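Residue numbers (this note's numbering), protein chains in the order written: chain A, 14 to 368; chain B, 14 to 368.
We put the beta carbon where it would ideally sit given N, CA and C, even for glycine.
No experiment lies behind these values; they were computed from the predicted model shown.
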């Protein structure tokens, strides 16, 4: 070992879902959107001025910021944009979680939270979900250095009510509470309205799911202008120009095509509701998903077996070999056709296993 | 002040050069390339598959990594890519500079180094350049927690010889030495060859200057595979997918069009050498620039006056109101035509001031 290796930061990185390289795969493992982005996004990229790429982009990404601000009817200085919601949340951890007290998040949740905490040496305590995989608001009422949870939660797909979120935010006015709304467009609840009342609430969202643009890496946060200003200072101390020109252009185009956005989101919700019926008939139980995925277990076949068998049939779903959830699958909602192939494949697996 | 504000990270952000919004401006203030990117970049963006944008990009950005590795004849696992060299260097600070001893860098240098050090609470000592604005290698021979300097240095434009770099790297085998080669394509020296001999040397480069793609945000580091692997672990603990699909596609296209790259770089060098003659005749002295900018002072007119007067004529150069360099201008090399307009404008200012 070289001497310099002693001072290398020790981390255990997050492991994202597989990105299989072969073409004929049904990919229901990383909660991507099964539909392409708005045609206006392609238009913006095709017709964007390529000569201007020699120049630095606007460090504030103001065109994108103001498109988002207009959409949600908030001020430009209430919006922060980043390279996916991972960049936004990572920046928020670095900006806000500098207390001596531990931060809090659920035991079963987005598995990046503990990775960021470790990276930035932030102490944390995880709070167990209840038996129905629900976040118990009472667990977040003690002293702490900050709070983060997704709503709906992932990979459980369970949604918390606005009144419960409000209770958590109100009772923790001395710390920043981050609600990670990556999947909120597929559900019934958002904490966005609470921003007007609470200066300690940061709501984070992404273009990767409901706006079908995981490949462009765009995330954003909305909150009180003091929160956003603090995040910008930290961001400008790390990298002045995080959003490249194509992200800004494509992001603006996506926001502007609201009809397309609403169409694909409602199509995914429709497919999800049908999937609940189909998979129930095949012996699955699941939480009442308010996301673009189902969190499902089978009444007789082990999740890991189904996961492996589906993979053999070139259908990729997500399986977490972790305590409490190691008999569950996280199945992204695909197109109607992809889901039909999933039902057929599951039926074959069920028939084979019961032989 | 809200209670949560007590735990906000305190930082003094880097302030990038102005990005004037009006159209008819000669922009010689942020060291951008005066020429557009390779036509193959426009091609790649226009004809790239837009449907795939719904999917996450390759977290390893392997197409881009391997295009860079091939170009420099190193292994894929010796290359790290990021959102501009700022992202790459910031990640390197977080990964490697975790010693109790202070890191070292020059007193006059890229003004982001102290910002990153403050952000990540890394102790540092700056070492004064000599009277000729040269880095003195002897200053970097004591105990330290790591070393970073640009070569050529900025904003001084002065280049250090390979043998001096090698002395620093060899004498500091217990820490990581980062050579920031943002401008090296315009000079005669690179530390890349030393990577084979020293496992503690990281060389950082960017697409923002010589590859005319500041707007796309692409930077990279080349080093021993142990260094790169450590940086990747930290990167994957912050954001799995930093490089969006358009950056990957555009970056690959730029690397492949080597003829265009060589053409614009040699054109900029030619213009720079002519600029040295023209500006000398107008009363300027400067360091022997090996970059795409000149670091110049006038023999009778104060730099700040020239800076303000040029601005009135819609010509933007960079002025740093800092000790030791507050009578210098950093002038980016533009097109021949832009430089001619600069010479004419300077002549008017000189004539006016000597009236």
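Proximity of residue 249(B) to chain A, defined by a Cβ-Cβ separation below 7 Å, is satisfied. With a contact defined as Cβ atoms closer than 8 Å, residue 266(B) and residue 56(B) qualify at about 7 Å. The beta carbon of residue 114(B) does not come within 7 Å of any beta carbon belonging to chain A, so the residue lies off that interface.
Setting aside the 5 residues that flank it on each side, residue 129(A) is surrounded in the same chain by 103 and 106, each with a C-beta closer than 6 Å to its C-beta; the list follows chain order. For residue 85(B), the enclosing alpha helix (DSSP H) starts and ends at 75-85. Annotated three-state conformation of residue 128(B) is helix, per DSSP. Residue 33(B) and residue 68(A) have their C-alpha atoms some 11 Å from each other. DSSP assignment within the segment 146-211 of chain B yields the following whole alpha helix (DSSP H) runs of 4 residues or more, N-terminal first: 175-184. For a Cβ distance threshold of 8 Å, nothing in chain A lies close to residue 356(B): the least Cβ distance comes to about 22 Å.
Excluding sequence positions up to five before and after residue 75(B), its CB lies within less than 8 Å of the CB of 89, all in the same chain and listed in chain order. Sequence-distant partners of residue 198(A) (beyond 5 residues in either direction) whose C-beta falls short of 6 Å from its own C-beta, in its chain, are 223 and 278. The beta carbons of residue 258(A) and residue 77(A) sit about 10 Å from each other, so the pair does not count as a contact at 8 Å.
At a cut-off of 7 Å between C-beta atoms, residue 26(A) counts as an interface residue with respect to chain B. In the structure shown, residue 259(B) falls within a helical segment according to DSSP collapsed to helix, strand and coil. Contacts with chain B at 7 Å (Cβ-Cβ) include residue 45(A). At least one CB of chain B lies nearer than 7 Å to the CB of residue 132(A). Under the three-pair Cβ rule at 8 Å, the segment 316-330 of chain A does not count as touching the segment 210-225 of chain A. Considering only beta carbons, the part of the segment 57-69 of chain B lying closer than 9 Å to chain A consists of 58, 59, 60, 61, 63, 64, 65, 66, 67, 68 and 69, in chain order. Straight across, the Cα-Cα distance linking residue 111(A) with residue 191(A) is about 14 Å. Going by beta carbons, residue 15(B) and residue 232(B) fall outside the 7 Å limit.
Contact check for residue 309(B) against residue 320(B) fails: the beta carbons are separated by 7 Å or more. Contact between the segment 232-250 of chain B and the segment 20-36 of chain A is present: 3 or more CB-CB pairs across the two stretches fall below 8 Å. When the five nearest sequence neighbours on each side are left out, the beta carbons in the same chain lying within less than 6 Å of the beta carbon of residue 175(A) are those of 202, in order along the chain. In this structure, the beta-carbon distance from residue 39(B) to residue 354(B) falls below 7 Å. Contiguous beta strand (DSSP E) elements confined to the segment 214-267 of chain B occur at 214-219 and 232-236, taking only those with 3 or more residues.
The DSSP-derived three-state label of residue 30(B) is coil.
Judged by their CB atoms, residue 185(A) and residue 160(A) are nearer to each other than the 7 Å cut-off. As DSSP reads the structure, residue 40(B) sits in a beta bridge with 329(B). Around the Cβ of residue 155(A), a 10 Å sphere holds fewer than 16 other Cβ atoms; the residue is exposed. With the criterion set as a beta carbon lying under 8 Å from some beta carbon of chain A, the members of the segment 94-111 of chain B are 96, 97, 99, 100, 103, 107, 108, 109, 110 and 111, in sequence order. When the five nearest sequence neighbours on each side are left out, the beta carbons in the same chain lying within less than 7 Å of the beta carbon of residue 147(A) are those of 171, in order along the chain.
Where residue 297(B) is concerned, the enclosing beta strand (DSSP E) starts and stops at 297-299.
With a threshold of 7 Å between beta carbons, residue 85(A) makes no contact with chain B. Of the candidates 37(A), 85(A) and 226(A), the residue whose Cα lies closest to the Cα of residue 236(A) is 85(A). Residue-level contact by beta carbon holds for residue 50(B) and chain A, with a gap shorter than 7 Å. Cβ contact annotation for residue 124(A) (same chain, cutoff 7 Å, sequence separation greater than five): 27, in chain order.
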